[in-house]
Amino acid sequence: QKEVEQDPGPLSVPEGAIVSLNCTYSNSAFQYFMWYRQYSRKGPELLMYTYSSGNKEDGRFTAQVDKSSKYISLFIRDSQPSDSATYLCAMRNGGSQGNLIFGKGTKLSVKP
Amino acid sequence: DSGVTQTPKHLITATGQRVTLRCSPRSGDLSVYWYQQSLDQGLQFLIQYYNGEERAKGNILERFSAQQFPDLHSELNLSSLELGDSALYFCASSPSNSPLHFGNGTRLTVT
Chain A
3 QKEVEQDPGP LSVPEGAIVS LNCTYSNSAF QYFMWYRQYS RKGPELLMYT YSSGNKEDGR
63 FTAQVDKSSK YISLFIRDSQ PSDSATYLCA MRNGGSQGNL IFGKGTKLSV KP
Chain B
949 DSGVTQTPKH LITATGQRVT LRCSPRSGDL SVYWYQQSLD QGLQFLIQYY NGEERAKGNI
1009 LERFSAQQFP DLHSELNLSS LELGDSALYF CASSPSNSPL HFGNGTRLTV T
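Quick mapping for you: the protein sequence lines, in order, are chains A and B.
Following my numbering, the numbering of the first sequence begins with 3 at its first residue and continues without gaps.
Following my numbering, the numbering of the second sequence begins with 949 at its first residue and continues without gaps.
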C-alpha cells in the first residue's frame, strides 16, 4: 500500500462548478498537510498548508483534514478555467520539513 | 514566481555522462531541497541541505550527490546517467519550519 493515494483523474468540470479533490494516507504520524498546484512545465505552487485536523479556507479554496479517517480534501468553489492544472497533495510527520510525501496528482480541467 | 531559480531549464545528454543542476534559493532561505519528478514515481524527495550542511536524505542514488555553497546556492550532480534518470528535477527552499517553495525545475533527458 502506498503511503499516499490520490486519484490521477483526469477530472473535467464546467466553469463555476465546485471541485472536490481528495487524498488518503496510511501513516498516522503525518501531521502537516499541503496542497500544491502545478501548471504544465512549471514547479509546484503552494496553495494550502494545514496542521493536524480541521478546515482552512483561503478565498475559493478550502482544505479539510480528517486524521481519524486518514483523509484530506481540497474544495475549489466557482472553478475557473485558470484553475486547470494538476493538484498534488503532500504531507509529512513532525520531523524533517523537507521529506514531503506527495500524491501523484489529480489533473483538473475546467471548461469555459 | 516562487523566487527559486533553477538552471538550466533543459538538459539532453547521453547515458554514462555526468551533469550538474544548479539552484538559487529564495532570498533568506537557508534550506534547500532537491526532488525528482517522474511519470511513474511522482515527486520524490532526494536530499536537503541547511546552511551548507546535509540535513536529510531521501531516495537519492549513490550516483547522485549534492552540495550547498556559502552563498546558499546548491548543485545536484548526477553521474553515470541511465535512461531511467530522465525526469524533472526540482529544487525547493524554505525558511525554518515553513512550507517549501519550488522552482520551475530542470528537465533532464538521457538518450
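Backbone N, C-alpha and C define an ideal beta-carbon position, used for all residues, glycine too.
Residue i, enclosing beta strand (DSSP E) - first and last residue
i: B/His-958; result: 958-961
i: A/Tyr-73; result: 73-78
i: B/Ile-995; result: 990-998
i: A/Tyr-41; result: That residue, A/Tyr-41, is in no beta strand (DSSP E); it is neither H nor E in DSSP.
i: A/Gly-56; result: 56-60
i: B/Glu-1001; result: 1001-1005
i: B/Leu-969; result: 967-972
i: A/Ala-87; result: 87-94
i: A/Thr-26; result: 21-27
i: B/Asp-1033; result: From DSSP, B/Asp-1033 is part of no beta strand (DSSP E); its letter is neither H nor E.
i: B/Val-1058; result: 1054-1058
Buried versus exposed call for residue i [16 or more other C-beta atoms within 10 Å across all chains shown]
i: A/Gln-8; result: buried
i: B/Thr-1054; result: buried
i: B/Ser-950; result: buried
i: B/Gln-989; result: exposed
i: B/Phe-1017; result: exposed
i: A/Ala-31; result: exposed
i: A/Pro-10; result: exposed
i: A/Pro-16; result: exposed
i: A/Thr-108; result: buried
i: A/Tyr-89; result: buried
i: A/Tyr-73; result: exposed
i: B/Leu-1024; result: buried
i: A/Gly-105; result: buried
i: B/Arg-1011; result: exposed
Bridge partner(s) assigned by DSSP for residue i
i: B/Ser-1041; result: B/Val-980, B/His-1049
i: A/Glu-5; result: For A/Glu-5, which the question treats as bridged, DSSP gives no partner whatsoever.
i: B/Gln-1073; result: Because chain B spans 949 through 1059 in this model, residue 1073 of chain B falls outside it and cannot be assessed.
i: A/Ser-111; result: A/Ser-14
Residue-level contact to chain B via CB, residue i, 7 Å cutoff
i: A/Glu-48; result: The sequence shown places Leu at residue 48 of chain A, not Glu. So yes, A/Leu-48 belongs to the interface.
i: A/Met-36; result: yes
i: A/Gly-45; result: yes
i: A/Tyr-27; result: no
i: A/Tyr-53; result: no
i: A/Phe-104; result: yes
Any C-beta of chain A under 7 Å from that of residue i
i: B/Ala-1035; result: no
i: B/Asp-1053; result: Going by the sequence as given, residue 1053 of chain B is Gly instead of Asp. Chain A, which has a Cβ nearer than 7 Å to the Cβ of B/Gly-1053, makes this yes.
i: B/Leu-1026; result: no
i: B/Phe-1078; result: Lying before the first or after the last residue shown, residue 1078 of chain B is absent from chain B, which here runs from 949 to 1059.
i: B/Leu-991; result: yes
i: B/Gly-1000; result: no
* May I ask you to verify whether the region 954-971 of chain B touches the region 58-71 of chain A, counting CB pairs closer than 8 Å and requiring at least 3? => no
* To do: For the region 1021-1041 of chain B and the region 982-1001 of chain B, state whether three or more C-beta atom pairs, one from each stretch, are separated by less than 8 Å.
  => yes
* Asked: Per the contact definition of three or more C-beta pairs closer than 8 Å, is the region 1022-1038 of chain B in contact with the region 962-969 of chain B?
  -> yes
* Counting pairs of Cβ atoms below 8 Å between the region 17-27 of chain A and the region 65-85 of chain A, do you hit three or more? -> yes
* To do: Would you check if the region 1045-1054 of chain B and the region 45-54 of chain A touch, i.e. whether three or more CB-CB distances between them fall below 8 Å?
  => yes
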